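Numbering-wise (this note's numbering), the sequence shown opens with residue 1158 and increments by one.
Below you'll find the structure, written out as structure tokens, and then a few comments.
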Amino acid sequence: MALIFWLIAVSCIIYYVVIVFYSGLTTSLSFIWLMFAAVCILLPLGWETYVKHKEKIPLWIPVSVITMCCTGILVFMVVEFLVFTGVAARDASNLDYVIVLGARVKETGISKSLKKRLDKAIEYADENPSVILVLSGGQGADEPVSEAAAMRDYLVFNGVNEEQLILETRSTSTVENIAYSRVAIEEDQAERKARRQNNPIFMEPGTFAEVPDKPIKIGVLTSDFHVYRAQQIGKKWGIPDIYGISCGSDPVLFVHFCVRECAAILKDKLVGNM
């Protein structure tokens, strides 16, 4: 059993080295793999110590440790199951608005994650030419421009009509992405309604009946591991029937992203963001 834990620890350390060098020291929470390695090393050492000194160590200590570990594994499995349910999304064609979530912009250009999201947005816009894409992402301290501006430049360069784009440049987190994008959509709807009222179509009385505005359909486009959290935040922040559109993610960093997403979901649930 100790050998298994040591092998897991070595695997965690190797993966940490791989993702740090692969991502250029920019991947957040990469240190979590060193924490996993430390736990895998300490658990068999602790058990060995307990077996040798049973008479000195109260039983509640190993029971508590085992209970915490089992609970952590169970919670992780449940959350990861929910993460993967976001990938198996319902049909999201013919949406009125799609919120495209931003990702890191480097001095040398957009990141791999953001490129995958934008390529998916181009594909969706080609298949649904009436959609409005809400490009959501502010400018971080280490970013040369706002994520939304970089996204616009990439999409326009690749043939997307600029009139189909709305920029949301204030957000710095997924919660703000959704909240500010909802405001941008509401403002766009109000502008469209005002234009219709300023350019009325005159018809003879009795030849028409006024109907309520058609409910708008909104989706969120992001990386596969991120769809579930984005949808749940959308439901919490005023978009109850939000559709999910997923794109692929970096295969080398995919496992890390899934583990990191588990921590993000637990945090957002704890603070009431979802």
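Glycine is no exception: its CB is placed at the ideal position from the N, C-alpha and C atoms.
Given the structure is predicted, the values throughout are model-derived calculations rather than measurements.
Buried versus exposed call for residue i [16 or more other C-beta atoms within 10 Å across all chains shown]
| i | result |
| --- | --- |
| Asp1381 | buried |
| Ala1278 | buried |
| Ala1298 | exposed |
| Leu1275 | buried |
| Phe1414 | buried |
| Arg1247 | exposed |
| Val1412 | exposed |
| Val1257 | buried |
| Cys1169 | buried |
| Arg1339 | buried |
| Val1208 | exposed |
| Val1235 | exposed |
For residue i, the three-state DSSP class (helix, strand or coil)
| i | result |
| --- | --- |
| Glu1320 | helix |
| Gly1203 | helix |
| Val1244 | coil |
| Lys1213 | coil |
| Gly1401 | strand |
| Leu1180 | A small fix is needed here, since residue 1180 is Ser in this sequence, not Leu. The answer is coil: DSSP assigns Ser1180 none of H, G, I, E or B. |
| Ser1168 | helix |
| Ser1338 | helix |
| Ser1287 | coil |
| Ser1221 | helix |
| Gly1391 | helix |
| Ala1282 | helix |
| Asn1355 | helix |
| Glu1418 | helix |
7 Å Cβ shell around residue i - same chain, five flanking residues per side excluded
| i | result |
| --- | --- |
| Ala1159 | Pro1201 |
| Gln1388 | Gly1243, Val1377, Ile1399 and Gly1401 |
| Leu1322 | Leu1290, Leu1292, Arg1309 and Leu1312 |
| Ala1421 | Arg1386 |
| Phe1233 | Cys1419 |
| Ala1307 | Val1262 and Ile1267 |
Distance between beta carbons of residue j and residue i, contact taken as under 8 Å
| i | j | result |
| --- | --- | --- |
| Ser1187 | Tyr1173 | 6 Å |
| Tyr1337 | Ser1328 | 5 Å |
| Glu1418 | Val1240 | 6 Å |
| Glu1325 | Ala1341 | 5 Å |
| Lys1269 | Gly1405 | Wrong, their Cβ atoms sit about 10 Å apart, outside the cutoff. |
| Ile1189 | Val1416 | 6 Å |
| Val1409 | Val1175 | 7 Å |
| Glu1264 | Pro1301 | 6 Å |
6 Å CB neighbourhood of residue i in its chain, flanking five on each side removed
| i | result |
| --- | --- |
| Ile1335 | Ile1390, Gly1391 and Trp1394 |
| Ala1166 | Ala1194, Cys1197 and Ile1198 |
| Ile1373 | Asp1253 |
| Glu1304 | Gly1259, Val1262 and Gly1294 |
| Ala1151 | As shown, the chain starts at 1158 and ends at 1431. That puts residue 1151 outside it, with no answer to give. |
| Asp1407 | Lys1269 |
Residues that DSSP places opposite residue i in a beta bridge
| i | result |
| --- | --- |
| Cys1226 | DSSP, once it has assigned bridges, lists no residue as partnering Cys1226. |
| Ile1375 | Tyr1254 |
| Leu1292 | Val1257 and Leu1324 |
| Gly1266 | Lys1263 |
| Ser1330 | The partner list for Ser1330 (beta bridge, DSSP) is empty, contrary to what the question assumes. |
| Ser1380 | Cys1404 |
Cutoff 8 Å; reference residue i; Cβ partners in own chain excluding five residues on either side
| i | result |
| --- | --- |
| Val1222 | Leu1200 and Gly1203 |
| Met1431 | Arg1386, Gln1389, Ile1390, Lys1392, Lys1393, Ile1422 and Asp1425 |
| Val1332 | Ile1390, Trp1394, Asp1425 and Asn1430 |
| Glu1237 | Cys1415 and Cys1419 |
Residue i at chain C interface by Cβ criterion, 8 Å
| i | result |
| --- | --- |
| Val1236 | This model lacks chain C altogether; it includes just one protein chain. |
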